[in-house]
Every structure is written in structure tokens, then in C-alpha cells.
Amino acid sequence: MNKSVKYAIFILITFLILLIGLRTYIYPPLPDYEGSISLKELSDTVNVYTDGFGVPHVFAKNESDLFLAA
């Protein structure tokens, strides 16, 4: 391979790495904060709310359900 082909491959790989990094920065992989999950181990309803900072708040009617959901 001559020098210009190696340079073009280097530029292409660098561009792809930057593009992937930019996409990850703009659209970070976040967990799904919406939805419902049913667990047979729970004896009653447990609600989990996530505030604007991503901190989960767990509300349950008894401690065993609270610790299982947390």
C-alpha cells in the first residue's frame, strides 16, 4: 500500500470513531424509566418513581417488598 491509501484509511477510521463517540454523547444509552414489571415474589404493589436527577424513589406497603424492589 502506498502512503496515500494508508492516510485515507487512517482518516476514515478516525472519522468513524469520532462519529460513534458523537452519537453516544448526543444519545446516551439510558435505562427505561417507564413501564410495569410483575414479580411473583411481591405480596403487594410497589411503585418506583425516578426524579429528574435519575434518583429512584421506592414506595411499598411492607419492608420485604421494599427491599426486593430496591
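Numbering (the working numbering), first residue to last: 1499 to 1568.
Beta carbons are placed, not taken as given, at the ideal position from N, Cα and C, and that holds for glycine.
How many angstroms separate the CA atom of residue i from the CA atom of residue j?
{"i": "Ala-1567", "j": "Ala-1506", "result": "53 Å"}
{"i": "Leu-1520", "j": "Met-1499", "result": "30 Å"}
{"i": "Tyr-1525", "j": "Ile-1518", "result": "10 Å"}
{"i": "Pro-1554", "j": "Ser-1536", "result": "18 Å"}
How is residue i classed by DSSP in three states: helix, strand or coil?
{"i": "Phe-1557", "result": "strand"}
{"i": "Tyr-1523", "result": "helix"}
{"i": "Tyr-1531", "result": "coil"}
{"i": "Thr-1543", "result": "coil"}
Beta-carbon within less than 7 Å of residue i's beta-carbon, same chain only, minus the 5 sequence neighbours each way: which residues are those?
{"i": "Asn-1545", "result": "Phe-1557"}
{"i": "Ile-1511", "result": "none"}
Skipping 5 residues on each side, what residues in its chain have a beta carbon closer than 8 Å to that of residue i?
{"i": "Asp-1542", "result": "Ala-1558, Lys-1559, Asn-1560 and Asp-1563"}
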